[in-house]
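Participant: Under this note's numbering, residues 660 to 842 are what the sequence shown spells out, in order. Heads up, the beta-carbon is just placed ideally off N, CA and C, and yes, glycines get one too. This one's a predicted model, so the numbers in the text were calculated from it and none came from an experiment. There's a structure below that I have some questions on.
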Amino acid sequence: MNKSFVKFVTDYGPLLVFFFYYYNSDKNLKIAIPPFIVATLVAIIIVWILEKKLPMIPLIGGILITLFGGLTIYFNNPIFIYIKPTIINILFGLALLFGKYFTKEPILKKMLGKSISLDDLGWHILNKRWMLFFFGLAILNELIWRTQSEEFWVNFKVWGILPLTFIFTAFQISLINKYKINE
């Protein structure tokens with residue numbers, strides 16, 4: 660089986676499951692969340708079976724989806740699922756902010772150093788930009804769920820955050836090229 664296809668399915672399959680159940684249940688979060696949790700856990704298990712390891716970001720995401728989705732269902736209150744992206748983005752931002760105190764170098768360098776070769780200044784700038792981006796996404800999520808309809812928020816999660824992330828990533832290419840170490 661094609662590795663990139665499996666990665667695509669395990670990354671986006673749970674989201675497609677969520678959308679399917681959400682839009683086929685008259686936009687009911689209580690109906691869409693349980694299959695979303697199950698699909699997320701199945702995706703994590705598939706990654707573990709195929710790679711013999713659990714990548715940290717999908718694992719943390721799966722734990723938080725299960726926790727906040729479960730709280731949403733248990734308390735019959737969507738606020739828990741609404742704040743999940745805020746909490747995830749704050750955690751990522753804080754990891755980038757404080758990670759250097761534990762690893763003596765930017766966390767992004769630790770994570771991506773084998774794929775991208777930058778000088779120290781480049782890593783610090785890239786790390787800072789991603790940290791600010793994650794904090795910005797947290798604020799944006801809070802603004803959206805507090806001022807818009809649930810359906811708008813659900814659509815924003817995919818059609819807003821995902822394109823923003825791709826666009827932000829694309830804007831980092833010039834920085835990467837500027838500070839790239841030629842080997």
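State the DSSP-derived secondary structure class of L771, mapped to helix, strand or coil.
Facilitator: Helix at L771.
Participant: Looking at V676 and A698, is the spacing between their C-beta atoms short of 7 Å?
Facilitator: Contact flag set, yes.
Participant: Three-state secondary structure (DSSP) at K839?
Facilitator: Reduced to three states, the DSSP call for K839 is strand.
Participant: So, with DSSP's three-state summary, where would you put L777?
Facilitator: In the structure shown, L777 sits in a strand (DSSP, three-state: E or B).
Participant: Please classify M790 as buried or exposed, where buried requires at least 16 other C-beta atoms within 10 Å of its C-beta.
Facilitator: M790 comes out buried.
Participant: Should I740 be labelled buried (16 or more other beta-carbon atoms within 10 Å of its own) or exposed?
Facilitator: Buried, since its Cβ has 16 or more Cβ neighbours within 10 Å.
Participant: Helix, strand or coil for N814? Go by DSSP, reduced to three states.
Facilitator: Helix, per DSSP.
Participant: If you measure between the beta carbons of N800 and T725, is that distance less than 7 Å?
Facilitator: Result no, Cβ atoms of N800 and T725 do not sit closer than 7 Å.
Participant: Could you check whether the segment 811–818 touches the segment 775–786, counting it as contact only if at least three pairs of C-beta atoms, one from each stretch, sit closer than 8 Å?
Facilitator: With the cut-off at 8 Å, the segment 811–818 and the segment 775–786 do not touch.
Participant: How about G728 and I690: are their beta carbons less than 7 Å apart?
Facilitator: Result no, Cβ atoms of G728 and I690 do not sit closer than 7 Å.
Participant: Taking P737 as the reference, give the member of G758, R805, G720, G795 with the closest Cα.
Facilitator: Comparing Cα-Cα distances from P737 to each of G758, R805, G720, G795, the minimum goes to R805.
Participant: Starting from the C-beta of L730, find all residues in its chain whose C-beta is less than 6 Å away, skip the five residues before and the five after it, and write them out in chain order.
Facilitator: Within the same chain, L730 has close Cβ partners F739.
Participant: In the DSSP assignment, find the unbroken alpha helix (DSSP H) run with S663 in it and report its ends.
Facilitator: Looking at the DSSP string, the run of the alpha helix (DSSP H) that includes S663 is 662–682.
Participant: Using three-state DSSP, classify S808 as helix, strand or coil.
Facilitator: Three-state DSSP puts S808 in coil, outside helix and strand.
Participant: Output the boundary residues of the alpha helix (DSSP H) element that contains P822.
Facilitator: Here the alpha helix (DSSP H) through P822 covers 820–830.
Participant: Cutting at 8 Å between CB atoms, please list the residues of its own chain near Y681, excluding the five before and the five after it.
Facilitator: Hits under 8 Å: N687, L688, I690, A691, V813.
Participant: For K768, which residues of its own chain have a beta-carbon under 6 Å away from its beta-carbon, when the five flanking residues on both sides are left out?
Facilitator: Cβ neighbours of K768 beyond the five flanking positions: W782.
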